[in-house]
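Participant: Starting off with a structure, shown below.
Protein chains: 2
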Amino acid sequence: MAGTVSDKQGSAATRNTIQRALVLEAVRSLHDHPTSADVYEAVRRTYPNISRATVYRNLGVLANRGDVLRVEVPNGADRYDFFNEPHYHAKCRVCGRIVDVDMPYESDIASKVSDAHGFAIEGHEIIFDGVCPACQKAGA
Amino acid sequence: MAGTVSDKQGSAATRNTIQRALVLEAVRSLHDHPTSADVYEAVRRTYPNISRATVYRNLGVLANRGDVLRVEVPNGADRYDFFNEPHYHAKCRVCGRIVDVDMPYESDIASKVSDAHGFAIEGHEIIFDGVCPACQKAGA
DNA sequence: TTATCTGCAAATACTTTGCAGGTTT
DNA sequence: AAACCTGCAAAGTATTTGCAGATAA
C-alpha cells in the first residue's frame, strides 16, 4: 500500500496509552463477544485502577478505528468483537448470549430494498433471535 | 397447583383498563414508530395523570399479546408499531429516526445459516443503517 | 509544550420495580 | 372478594460528560 499509517485525514490524533492497549488486548483475548463490563473486569485484573469511563472511551476509539467491531444489541449492552470480517449474530432470548452465525454476508442486500423512503443505506445488521444450547437444556 | 385458573392457558388474565385502551389507540394513531415517550406524551393529552410506568407496562402487555409490534433498536429507545406483517427497518445514524423498508421478508432465512452453534433460531430482524432524507439535506 | 488522555463523580437516557391503594371482573 | 392494575418514587442498567491533573509525542 502506498498510503501511510500517519494519514489522519482530519481525525484527532490518537495516543498509545497503556489503558488503550489493555482494552484492545482484552477484546482480543475474550472470544465471547464481551460487553464493556467484561472488558472492564478483564483489564482490572492487571490494571486495577482503570475506570469504566476509560474503558468506554477506548472501546469507542477502537471501534471507530476499526480495530474492534462493535455489535449493537437491542435491549442489551453493546458487545465487542475482534474484527475479522462482517458477519451476523444470534442472541439468546433467555440468557442474552451473543454468538456469530455462519451465513453468507450479503453486501449487496440493499439492492433488495425497493423503497427505503429516501434513506441512503450504508450498512446493515441481521440479528437472529432464539435459544442457545445451554438454555435449551436448562429449559427442557 | 392446577385447577385454580380457568381457561387462561397459563398466561395471566388481562383486564380492559382505560389506560391500556389509550396506549393501544396512541400506537395506532402515531404512524412513525413512536417511542414509549411519544406514546406517553400522546396519551397525556387526553389523560394527563397517566404515569410512564403504566405506559411501559401496557406496551409490554400489548406487545406480548401481539396487538403491537415492538421494534428493539440498538442504542436507542424501543419503538412500537401497529402490527400488520413482519418487515424490516432502517435507522438514521444521525437523528435516530426509524422507517420501514420495503423488502421481501425472508421467513426461511434461517435455512441460509449453516452453523449457529446449536441455537434454535426462532426469528430475526434486519436493521439497515444509513442517513434519512432530512439529515441528508441538513448535512449537505 | 500542549493536545490528548485518565480517573472520578455526577449526569443522562431508558426501563423496571416495590408499594399501597384503586379498579375490573 | 380476588386478582389485576395504577401512580408514585426509587432503583436499576448502560453509557456519557465535566473537570482537573497526568502523560504521550
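Chains A and B, in that order, are what the protein sequence lines are.
The working numbering puts the first residue of the first sequence at 46, with every later residue one more than the last.
The working numbering puts the first residue of the second sequence at 46, with every later residue one more than the last.
Using N, Cα and C, we set each Cβ at its ideal position, and we do this for glycine too.
1) According to DSSP, which residues form a beta bridge with PHE127 (chain A)?
2) Going by the beta-carbon positions, is the gap between ILE218 (chain B) and GLY175 (chain A) smaller than 7 Å?
3) Does the structure place the region 92-110 of chain B close enough to the region 140-157 of chain B that three or more beta carbon pairs sit under 8 Å?
4) Looking at chain A, is there any beta carbon in it that lies within less than 7 Å of the beta carbon of SER152 (chain B)?
5) So, with DSSP's three-state summary, where would you put ASP83 (chain B)?
6) For the region 149-176 of chain A, list every residue whose C-beta sits within 8 Å of some C-beta in chain B, in sequence order.
7) Taking contact to mean 3 or more Cβ pairs, one atom from each stretch, closer than 8 Å, check whether the region 106-116 of chain A and the region 125-135 of chain A are in contact.
8) Determine the extent of the alpha helix (DSSP H) in which CYS180 (chain B) is found, giving its start and end residues.
9) So what does DSSP say about THR158 (chain B), is it helix, strand or coil?
10) How far does the alpha helix (DSSP H) with ALA122 (chain A) in it reach, from first residue to last?
11) Check whether the Cβ atoms of ALA155 (chain A) and VAL146 (chain A) sit closer than 7 Å, and answer yes or no.
12) Identify, in the order they occur along the chain, each residue of the same chain with its Cβ nearer than 8 Å to the Cβ of TYR92 (chain B), setting aside the five sequence neighbours on each side.
13) Measure the C-alpha to C-alpha separation of HIS132 (chain A) and ALA98 (chain B) and round it to an integer number of angstroms.
14) Determine the burial state of THR80 (chain A): buried for a count of at least 16 other Cβ atoms within 10 Å of its Cβ, exposed for fewer.
15) Would you say ALA135 (chain A) lies against chain B (beta-carbon separation less than 7 Å)?
16) For GLU117 (chain A), which residues in chain B fall below 8 Å Cβ to Cβ?
17) With VAL144 (chain A) and GLY184 (chain A) assumed to form a contact (beta carbons below 8 Å), what rounded beta-carbon distance in angstroms separates them?
18) Got a sec: which bits of the region 55-85 of chain A sit with their beta carbon under 9 Å from any beta carbon on chain B, in order along the chain?
19) When you compare each of B:ARG124, B:ALA71, B:ALA87 and B:ALA161 to PRO178 (chain A) by their alpha carbons, which one comes out closest?
20) Work out the CA separation of HIS76 (chain B) and GLN181 (chain B) for me, nearest whole Å.
21) Listing by chain order, which chain B residues have their CB less than 9 Å from the CB of ASP147 (chain A)?
22) Compare the C-beta of PRO131 (chain B) with all C-beta atoms of chain A and state if any pair is closer than 7 Å.
23) Less than 6 Å between the CB of ARG97 (chain A) and some heavy atom of the ligand ATP, yes or no?
24) Of the residues A:ASN94, A:ARG73 and A:LEU107, which one's Cα is nearest the Cα of THR59 (chain A)?
25) Looking at the structure shown, is THR49 (chain B) part of a helix, part of a strand, or coil, going by DSSP?
26) When the Cα of TYR169 (chain B) is compared with those of A:PRO119, A:SER96 and A:GLU70, which residue comes out closest?
Facilitator: For this structure:
1) Translated into positions along the first sequence, residue 127 (chain A) becomes position 82. According to DSSP, PHE127 (chain A) bridges with A:VAL113.
2) Given a span of 46 to 185 for chain B in the structure shown, any question on residue 218 (chain B) remains unanswerable.
3) The region 140-157 of chain B vs the region 92-110 of chain B: no contact.
4) As a position in the second sequence, residue 152 (chain B) is number 107, starting the count at 1. Chain A has no Cβ within less than 7 Å of the Cβ of SER152 (chain B).
5) Reading the second sequence from its first residue, position 38 is the one you call residue 83 (chain B). Here ASP83 (chain B) sits in helix by DSSP.
6) Answer in chain order: PRO149, ILE154, ALA155, LYS157, VAL158, SER159, ASP160, ALA161, HIS162, GLY163, PHE164, ALA165, ILE166, GLU167, GLY168, HIS169, GLU170, ILE171, ILE172, PHE173, ASP174, GLY175 and VAL176.
7) Using a Cβ-Cβ distance cut-off of 8 Å, the region 106-116 of chain A and the region 125-135 of chain A are in contact, since at least three pairs of beta carbons, one from each stretch, lie closer than that value.
8) Taking the first residue of the second sequence as position 1, residue 180 (chain B) is located at position 135. It spans 178-184 - the alpha helix (DSSP H) in which CYS180 (chain B) sits, taken as one unbroken run.
9) As a working mapping, residue 158 (chain B) is identified with position 113 in the second sequence. Reading off the sequence shown, one finds Val at residue 158 (chain B), where the question assumed Thr. Here VAL158 (chain B) sits in coil by DSSP.
10) Reading the first sequence from its first residue, position 77 is the one you call residue 122 (chain A). Counting along the chain, ALA122 (chain A) falls outside any alpha helix (DSSP H), and DSSP gives it neither H nor E.
11) Here residue 155 (chain A) corresponds to residue number 110 of the first sequence, with the count starting at 1. Here residue 146 (chain A) corresponds to residue number 101 of the first sequence, with the count starting at 1. Against a cut-off of 7 Å, the Cβ pair of VAL146 (chain A) and ALA155 (chain A) comes out as no contact.
12) Taking the first residue of the second sequence as position 1, residue 92 (chain B) is located at position 47. Result list for TYR92 (chain B): ILE63, GLN64 and LEU67, in chain order.
13) For this step, residue 132 (chain A) is matched to residue 87 along the first sequence. For this step, residue 98 (chain B) is matched to residue 53 along the second sequence. Distance between the alpha carbons of HIS132 (chain A) and ALA98 (chain B) is about 37 Å.
14) Position 35 of the first sequence, counted from the first residue, corresponds to residue 80 (chain A). Residue environment analysis places THR80 (chain A) among the buried positions, since at least 16 neighbouring C-beta atoms fall within 10 angstroms of its C-beta.
15) Counting from 1 along the first sequence, the entry for residue 135 (chain A) is found at position 90. Closer than 7 Å to some Cβ of chain B, the Cβ of ALA135 (chain A) qualifies, so yes.
16) For the purposes of this step, residue 117 (chain A) is identified with residue 72 of the first sequence, where counting begins at 1. Within 8 Å Cβ-Cβ: PRO119 and ASN120.
17) Locating residue 144 (chain A) in the first sequence gives position 99, where the first residue counts as 1. Locating residue 184 (chain A) in the first sequence gives position 139, where the first residue counts as 1. With 8 Å as the limit, VAL144 (chain A) and GLY184 (chain A) do not qualify as a contact, their Cβ atoms being about 17 Å apart.
18) Listed by position along the chain: nothing, the set is empty.
19) As a position in the first sequence, residue 178 (chain A) is number 133, starting the count at 1. The option with the nearest alpha carbon to PRO178 (chain A) is B:ALA161.
20) Walking along the second sequence from the start, residue 181 (chain B) turns up at place 136. Walking along the second sequence from the start, residue 76 (chain B) turns up at place 31. Approximately 22 Å, taken between the alpha carbons.
21) Numbered from its first residue, the first sequence carries residue 147 (chain A) at position 102. Contacts between ASP147 (chain A) and chain B, judged by CB atoms closer than 9 Å, involve VAL158, SER159, ASP160, ALA161 and HIS162 in chain order.
22) To locate residue 131 (chain B), count along the second sequence from 1; it is residue 86. Judged by the 7 Å Cβ criterion, PRO131 (chain B) is not in contact with chain A.
23) The ligand content of the structure shown is nil, which means the ligand ATP is not present either.
24) For this step, residue 59 (chain A) is matched to residue 14 along the first sequence. The residue among A:ASN94, A:ARG73 and A:LEU107 with its C-alpha nearest the C-alpha of THR59 (chain A) is A:LEU107.
25) Within the second sequence, the letter at position 4 stands for residue 49 (chain B). Because the pLDDT of THR49 (chain B) is 32, which lies under 50, any placement of that residue in the model is unreliable, and the number read from its coordinates should be weighed accordingly. Looking at THR49 (chain B) - three-state DSSP - the assignment turns out to be coil, as it is neither helix nor strand.
26) Taking the second sequence and counting its residues from 1, one reaches residue 169 (chain B) at position 124. Residue 169 (chain B) is actually His in this sequence, not Tyr. Ranking the options by Cα distance to HIS169 (chain B), first place goes to A:PRO119.
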